[in-house]
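Have a look at the structure below, then the notes.
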Amino acid sequence: GTDGGDSLKEQTSTALQKIDDLLSEAGSSKSDLVKVTVLLVDMSDFSEFNSIYGSWLEGTVLPARAAYAVKELPGGAKVEIVAEAFLGSGKR
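Using the numbering used here, the first residue of the sequence shown is number 1467, and each one after it goes up by one.
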C-alpha cells in the first residue's frame, strides 16, 4: 500500500491535497497549473479519477493533461499525478 490509502479515491484525494500543499508553499495555486500527467495502473479507473480530478479543478482554467496506463507503480499505488505549474501565471 501507499501512504494515500488503498482505494483509488483515497490515493487520488491524497495526491491532489499534496499538490495543493506544494503549490501553497510556493505561493501559488491551481490556477498556475499548466500541465498534469496522470499514470493509472488500471484505465478502467479513469472515469472515477476524472470525476475526483474535475471536482478538484472546478472553477479554474483546466491545464493540459495526459493520462497513461502503466503496468505498476511503486508501493502498490493505483495512481500517480505529476503536476507542472508556471508560478505567477494565474490568479490566487
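Glycine included, every Cβ here is placed at the ideal spot set by N, Cα and C.
What you are looking at is a predicted structure, and each value in this text was computed from that prediction instead of being measured.
Determine the burial state of residue i: buried for a count of at least 16 other Cβ atoms within 10 Å of its Cβ, exposed for fewer.
{"i": "G1467", "result": "Annotation note: pLDDT 44 at G1467 (below 50); position unreliable, no value reported."}
{"i": "G1470", "result": "buried"}
{"i": "L1492", "result": "Here the sequence assigns Ala to residue 1492, which means Leu is not the residue at that position. Classification for A1492: exposed."}
{"i": "S1521", "result": "exposed"}
{"i": "L1482", "result": "buried"}
{"i": "D1498", "result": "buried"}
{"i": "A1551", "result": "buried"}
Quick check on DSSP: helix, strand or coil for residue i?
{"i": "T1503", "result": "strand"}
{"i": "A1535", "result": "strand"}
{"i": "E1524", "result": "coil"}
{"i": "G1493", "result": "coil"}
{"i": "L1482", "result": "helix"}
What are the partner residues of residue i, as DSSP defines its beta bridges?
{"i": "V1548", "result": "T1503"}
{"i": "Y1519", "result": "None; Y1519 has no bridge partner."}
{"i": "A1530", "result": "K1501"}
Short of 7 Å in beta carbon distance, which residues of its chain neighbour residue i, apart from the five on each side in sequence? Order them along the chain.
{"i": "A1569", "result": "Residue numbering for the chain in the displayed model covers 1467 to 1558; residue 1569 lies beyond these limits and cannot be assessed."}
{"i": "M1509", "result": "A1535"}
With a CB to CB cut of under 6 Å and the five nearest residues on each side skipped, what residues in its chain are close to residue i?
{"i": "K1544", "result": "L1474, Q1477 and V1507"}
Would you call the stretch 1501 to 1512 and the stretch 1537 to 1551 in contact, with 3 or more CB pairs under 8 Å? yes
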